[in-house]
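Structure record follows, encoded as structure tokens.
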Amino acid sequence: MSLPLSASRLVRYATCPRAYAWKYRYHYPEPGGGGRRQRLGILLHATLGRFWQDWLGRRGDRSLGHLERLWRQGGGELEKPEQTSGWHALESYYLQEVRRPEPPRPFASEGRLRHSLVLDRVDVQFESRYDLLLWGEPDRRGVAGIDLVEFKTARQVRSLSQLEADLQLSCYILGIGAQYGQALRTVSHYYLLSGEKLTFAVQPHHQRYALEKAQRLVANLLDGGDWEPKPGSHCRRCGYRSQCDLSNPRQLPPESAGYARPEQPLVLTLF
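Letter 84 of the sequence shown, counting from 1, is numbered 664 in my numbering, and no numbers are missing.
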């Protein structure tokens with residue numbers, strides 16, 4: 581048996597099995613975003629990716645002027661107000677995170693972490709994407725761990741729930757340890773449009789947290805699946821809330837037969 585997974589899917593399964601099943605088992609469409617803000621976010625990520633890749637490849641300089649040139653090359657397709665707000669976001673990031681007494685020490689930029697294992701006879705391939713890896717400060721033994729940075733383009737900082745934070749940290753620990761043989765210290769979310777940063781430190785229980793959640797989900801699937809809804813405050817943010825009947829524990833999504841597709845190989849991906 582095989583099944584695609586993601587860290588966000590594990591969060592959704594732990595939050596509400598029905599929402600997980602509708603989206604990932606039945607592939608029932610959920611309302612999504614896009615438009616100008618999405619384009620701005622894509623271009624901001626691309627500019628920072630090129631800046632850090634140049635730094636790592638020793639190409640070009642590391643100045644604010646170089647970052648501005650990269651933005652002008654990529655941000656020209658935006659409207660003038662978005663070009664301006666995008667540059668202000670990049671400038672603020674540079675002044676806060678790059679121009680420091682101790683310059684950052686990048687390890688890798690815009691990559692993927694891959695790790696394979698078997699859970700209950702199911703071949704699981706963990707795959708995580710990251711924006712930036714930095715060398716952290718050495719510990720008492722002189723060993724420097726890895727700090728992972730994700731760039732966010734939401735206009736408001738959204739504090740992660742403990743569940744989301746724990747699963748993200750756990751998934752990244754697995755990938756960085758397997759691929760680089762390094763220890764993860766922290767995961768930071770840098771909100772480019774507000775200049776705010778949330779940082780989550782690795783704790784001992786994160787070592788197996790994602791594996792335990794994945795094992796529960798795999799066991800559920802092998803047993804035939806129990807996708808009863810789990811109501812709570814998260815229902816207000818769920819795209820299926822107008823169609824979900826909490827009084828019907830075995831409700832299927834509308835026109836479910838038209839969306840059901842064979843499952844793909846089991847892949848745990850962090851988005």
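C-beta: ideal position from N, C-alpha, C; glycine also.
It should be emphasised that the depicted structure is a prediction, and the values quoted were computed from it without experimental measurement.
{"query": "Assigned secondary structure, L590 (DSSP; H/G/I helix, E/B strand, else coil)", "result": "helix"}
{"query": "Range of the contiguous alpha helix (DSSP H) that encloses Q831", "result": "Where Q831 is concerned, there is no enclosing alpha helix (DSSP H), given that its DSSP letter is neither H nor E."}
{"query": "Spatial distance of C596 from L670 (CA atoms)", "result": "37 Å"}
{"query": "CB of T766 within 8 Å of CB of G716, strictly", "result": "yes"}
{"query": "Contact under 8 Å by Cβ, K732 with H695", "result": "no"}
{"query": "I753 classed as buried or exposed, judged by whether at least 16 other C-beta atoms fall within 10 angstroms", "result": "buried"}
{"query": "Pick from R685, H668, R821 and Q748 that is closest to L773, judged by C-alpha positions", "result": "H668"}
{"query": "Q666 and L623 closer than 8 Å at C-beta", "result": "The residue you asked about is not Gln; residue 666 is Gly in the sequence shown. The answer is yes: Cβ separation under 8 Å."}
{"query": "Spatially closest choice to Q762 from L728, K603 and E657, by CA coordinates", "result": "L728"}
{"query": "Three-state class that DSSP yields for V782 in the structure shown", "result": "coil"}
{"query": "K793 - partner residues in DSSP beta bridges", "result": "Paired residues: none, contrary to the question."}
{"query": "Contact under 8 Å by Cβ, Y600 with P833", "result": "no"}
{"query": "Outcome for T664 when other beta-carbon atoms lying within 10 angstroms are tallied against a minimum of 16", "result": "exposed"}
{"query": "In chain order, each beta strand (DSSP E) run of at least 3 residues that lies wholly inside the stretch 675-759", "result": "686-699, 702-718 and 724-732"}
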